[in-house]
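Chains as they are written, first to last, in the numbering used here: chain A, 74 to 188; chain B, -15 to 100.
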Amino acid sequence: SAVISQKPSRDICQRGTSLTIQCQVDSQVTMMFWYRQQPGQSLTLIATANQGSEATYESGFVIDKFPISRPNLTFSTLTVSNMSPEDSSIYLCSVDFGGRNTEAFFGQGTRLTVV
Amino acid sequence: AQSVTQPDIHITVSEGASLELRCNYSYGATPYLFWYVQSPGQGLQLLLKYFSGDTLVQGIKGFEAEFKRSQSSFNLRKPSVHWSDAAEYFCAVANPRSGTASKLTFGTGTRLQVTL
């Protein structure tokens, strides 16, 4: 099975700063997604990372706060901008390899703490 | 909009006992259905999935789930729980009309504790 690598695995950041999280897959994928899991909560979809075009954001998430890039079929970044303690969460990348009846595969996640 | 309900926030069972985790969904048609498990400090692992066909689905680690259209449910079961099954379990759905089974709406999760 493919390997999905997220970096960093964890970080502690000062409020007001930004953090960029990377998601690298060792094979080409059709779709990439970013989710947030707030402490003790479930996962919420932030956006779909589109290759070569702007990401598609879900309700409640905006590009200025969570800019996303996807320059090719194996790599994406999520930036958490102007962070506040409320942004402390686990951020997860997931991918779809395409084809019929395939499920999402998840990276290990990035645990972010904002102080 | 689709939604997923997991009524049980926390369940405790004895090792060797049977397990059933409940999941109900709200959607206009039959969605794609999934159960994922998240162990402490780990990512999400797929236990099983339902797209169509046989409503009783077998998964990994001895888990199974049954899709009941009349009840809009997709409950997860295991006949005999092992201590290593202690984890957080998430039910999730995807809209077949979205063109992908990977754009997921998750339930709130059920934390399973296993006593020895």
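Positions of the beta carbon are idealized from the N, C-alpha and C atoms, including for glycine.
Partner residues in a beta bridge of Asp(-8) of chain B, as assigned by DSSP, do not exist. Taking a contact as a CB-CB distance under 8 Å, the pair Leu165 of chain A and Gly91 of chain B does not count as one, their CB atoms being some 16 Å apart. For Gly182 of chain A, at least one C-beta of chain B is nearer than 7 Å to its own C-beta.
Contacts between Leu146 of chain A and chain B, judged by CB atoms closer than 8 Å, are missing: the closest CB pair is about 15 Å apart.
The three-state reading of DSSP puts Gln95 of chain A in strand, counting E and B together. An exposed status is given to Arg53 of chain B, since fewer than 16 other beta-carbon atoms sit within 10 Å of its beta-carbon.
Three or more beta-carbon pairs separated by less than 8 Å are not found between the stretch 134 to 147 of chain A and the stretch 53 to 67 of chain B, which leaves the two stretches without contact. Residue contact check for Ala85 of chain B against chain A: a CB pair falls below 7 Å. Between Leu17 of chain B and Tyr34 of chain B, the C-beta gap is smaller than 7 Å, which places the two residues in contact. Interface annotation, Phe179 of chain A: in contact with chain B, CB-CB separation under 7 Å. In the assembly as shown, Pro24 of chain B is an exposed residue. Its beta-carbon has fewer than 16 other beta-carbons within 10 Å.
Arg83 of chain A is bridged by DSSP to A:Arg184.
Taking the Cα positions, Ser91 of chain A is about 12 Å away from Thr186 of chain A.
Between Phe179 of chain A and Ser161 of chain A, the C-beta gap is not smaller than 7 Å, which leaves the two residues out of contact.
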